[in-house]
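Student: Pasting a structure here, questions to come.
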């Protein structure tokens, strides 16, 4: 499987995230180091570049929020570790902000190609802006891909982790524009009897529009669970 992924970079939602051994700005890292935690693995085109610098600052400022959701951050580009270190030190000298998560130095591009982070039609030497949200069981749950010249919207990445964790915890789904604290969608009925019961429940509770779309408040345990709490500024 690893060889196939390396050849075509065909990582899909729902599959086991490809393992790796990496040199980072915080020492050696493997995917197994994040076992039991959620992971946001993201690539950037290059060190000492303007959009990437704003993203490193934004991710660092949001790192506390990710940690409250049992989620870690891990960056990657094909620059050297020395370049990464010089760049994050320069960010610190210019802004006072210390990048608080590891950045992988993927000089060979092996990890980048394994995850499909290089789009040959755009560049054969730079990664595009990929985001892989990997859950605490090592499963790829979400993939975002941004072009080289467009910075990521970090609050949406946070919201997506919150939504995934809430959906898992509540055995439900989240609606368009869902935000923490809002109701979740109830799984649709599987039999006609359940359909009738659902319509009756909607009529009584006014919590939906039809048997195929109704809502419920998340279970109390999901609201109390630290990983599912609404993050507050």
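Residue numbers (my numbering): 1 to 233.
All C-beta atoms in this analysis are idealised placements derived from N, C-alpha and C, irrespective of residue type, glycine included.
Note that the structure is a prediction, hence the values are computed from the model and not measured.
Output yes if chain D places a C-beta closer than 7 Å to the C-beta of residue 192; else output no.
Tutor: The structure shown has no chain D; it contains just one protein chain.
Student: Assuming residue 170 is part of the beta strand (DSSP E), what are its boundary residues?
Tutor: That residue, residue 170, is in no beta strand (DSSP E); its alpha helix (DSSP H) goes 154-170.
Student: Going by the CB atoms, is the gap between residue 185 and residue 173 shorter than 7 Å?
Tutor: For residue 173 and residue 185, yes; Cβs fall inside 7 Å.
Student: Considering only their Cβ atoms, is the gap separating residue 97 from residue 60 smaller than 7 Å?
Tutor: Cβ distance < 7 Å, so residue 60 and residue 97 count as in contact.
Student: Taking the beta carbon of residue 181 as the centre, do at least 16 other beta carbons fall within 10 Å, making it buried, or is it exposed?
Tutor: By the 10 Å Cβ count, residue 181 comes out exposed.
Student: What is the C-beta distance between residue 78 and residue 127, in whole angstroms, given that I count them as a contact (C-beta under 8 Å)?
Tutor: Rounded, the Cβ-Cβ distance is 6 Å, consistent with contact.
Student: Between the alpha carbons of residue 25 and residue 42, how many angstroms are there, rounded?
Tutor: C-alpha separation (whole angstroms): 15 Å.
Student: Can you tell me which of the three DSSP states residue 227 falls into?
Tutor: Since pLDDT at residue 227 reaches only 46, below the 50 mark, its modelled position is unreliable, and the value read off the structure follows with that caveat. The answer is helix: DSSP assigns residue 227 an H, G or I state.
Student: Does residue 107 come out as helix, strand or coil in the three-state DSSP assignment?
Tutor: Looking at residue 107 - three-state DSSP - the assignment turns out to be coil, as it is neither helix nor strand.
Student: What ranges does the alpha helix (DSSP H) occupy inside the stretch 191-224, keeping only unbroken runs of at least 4 residues that lie completely in it?
Tutor: Runs of the alpha helix (DSSP H) inside the stretch 191-224: 192-205 and 220-224.
Student: I'd like the list of long-range same chain contacts for residue 48, defined as Cβ closer than 7 Å, with 5 residues on each side in sequence excluded.
Tutor: Closer than 7 Å at Cβ, skipping near neighbours: 87.
Student: May I ask you to verify whether the stretch 138-145 touches the stretch 11-26, counting CB pairs closer than 8 Å and requiring at least 3?
Tutor: Touching, yes.
Student: Is it buried or exposed, residue 194, if we count other Cβ atoms within 10 angstroms and call 16 or more buried?
Tutor: The residue is exposed, with fewer than 16 neighbouring Cβ atoms inside 10 Å.
Student: Going along the chain, which unbroken runs of the beta strand (DSSP E) with 3 or more residues stay wholly within the stretch 65-146?
Tutor: You should have 71-77, 103-105, 129-134 and 140-146.
Student: Cβ atoms of residue 143 and residue 153: under 7 Å apart, would you say?
Tutor: Cβ atoms of residue 153 and residue 143: not closer than 7 Å.
Student: Would you check whether the ligand ADP has a heavy atom nearer than 6 Å to the C-beta of residue 22?
Tutor: Ligands are entirely absent from the displayed structure, and the ligand ADP is therefore not among its contents.
Student: Distance check for residue 203 and residue 147, CA to CA, integer angstroms please.
Tutor: One C-alpha to the other measures close to 47 Å.
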